[in-house]
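Data first, discussion second: the structure below is written as structure tokens.
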Amino acid sequence: MSVKNYQKFYEPLNAVHSADFHRCIYCGCEAARSDFIPPIKFIHDWRDTNSNADFISVPSCNECFDLLKNENIGTLEPRITVLKKLLEEKYKKAIRVFNHWSMDEIEEMDTAFQISLKGGMRLGKEALSRLHFAGFDYEVNGSITRVAKPQREVFKVFDQEFESFKEALAFASETYQIKKSRLSQLYYEHDESFDKAVEVFHGSIKEKDLKS
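First residue of the sequence shown: 861, per my numbering; consecutive thereafter.
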């Protein structure tokens, strides 16, 4: 049976607001095709059992579709979660460049290095925007689902608050004299806390001083 013949088992998911028409449900980019949930290649795994599955088709960009095509997931929300992880893994180097470098620092580099870093900055910024995309209000078979706006994320460095990891990292690095790469590593190793990262770093410095 062809893909077109299987499509009759799926209800289309449509954006409620015109501003969201033709947007990828996963990342907010321009939609280019439909992603079937569960994927048509796995349809018999779901139709021949009593397992729950959405059986909906959602607007997707080509990249999100390709990343998810081998994921045998039958409902939308877990599929979104897996997609975000796959995107984050794919663009982790670009995200690292965006978070760890500033344009002022890049301008001090030679031309070839500037081109490479600026490209990474743009890609990392775009990737973070896609990762933070919260979806949109949608309708399936007459039933409307409202998507809550994401809560404002706050990154704290002791008594200071920042709206992004990049800003918090730059502040903590300059204030406490720790290289961004080392500080970022300590942040993730210690409960994603800048406070703990700073304390651990300077604790290790004091320990080395006492031994010397």
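By construction, the Cβ of each residue, glycine as well, lies at the ideal position given by its N, Cα and C atoms.
On the three-state DSSP scale, how would you describe residue i?
i, result
"Ile903", "helix"
"Gln1020", "strand"
"Tyr951", "coil"
"Val1007", "coil"
"Ser920", "strand"
"Glu1034", "helix"
Sorted by chain position, which residues of the same chain lie with C-beta nearer than 8 Å to residue i's C-beta, five sequence neighbours on each side aside?
i, result
"Val1014", "Glu1021, Phe1022, Glu1023"
"Glu890", "His882, Arg883, Cys884, Cys921"
Would you report the Cα separation of residue i and residue j, rounded to the nearest angstrom?
i, j, result
"Leu936", "Val918", "9 Å"
"Glu949", "Lys1009", "24 Å"
"Tyr1047", "Gly979", "26 Å"
"Leu947", "Pro898", "20 Å"
"Phe1082", "Ser1044", "For the chain, the structure presents residues 861 to 1072; residue 1082 sits outside this window and is missing."
"Val1000", "Ser878", "16 Å"
"Trp906", "Ile933", "10 Å"
"Phe915", "Leu988", "29 Å"
"Ser962", "Arg956", "12 Å"
Go through its chain and collect everything with a Cβ distance to residue i's Cβ below 7 Å, but skip five positions before and after it.
i, result
"Phe1031", "Val1017, Gln1020, Phe1022"
"Ala892", "Cys921, Asn922"
"Tyr870", "Phe896, Phe915, Ile916, Ser917"
Flag residue i as yes if its beta-carbon sits less than 8 Å from any beta-carbon of chain D, otherwise no.
i, result
"Lys1009", "Annotation note: the requested chain D is absent from the structure, which comprises a single protein chain."
Please report the residue range of the alpha helix (DSSP H) in which residue i lies.
i, result
"Glu1045", "Correcting the residue type first, residue 1045 is Gln in the shown sequence and not Glu. 1040 to 1049 is the span of the alpha helix (DSSP H), which, as asked, contains Gln1045."
"Glu986", "971 to 992"
Just curious, the beta strand (DSSP E) that residue i is in, first and last residue?
i, result
"Lys1016", "1015 to 1017"
"Ile933", "No beta strand (DSSP E) contains Ile933, which DSSP labels as neither H nor E."
"Glu965", "From DSSP, Glu965 is part of no beta strand (DSSP E) but of the alpha helix (DSSP H) over 963 to 967."
With respect to 7 Å, is the separation between the Cβ of residue i and the closest non-hydrogen atom of the ligand ZN below this value?
i, result
"Val957", "As presented, the structure is devoid of all ligands, the ligand ZN included, so that no description of it is given."
Keeping to the same chain, check which residues put their C-beta closer than 6 Å to that of residue i; ignore five residues upstream and five downstream.
i, result
"His960", "Lys1040"
| message | My parser needs the beta strand (DSSP E) runs of 3 or more residues fully inside the region 871 to 902; what are they? | response | 871 to 875, 893 to 897
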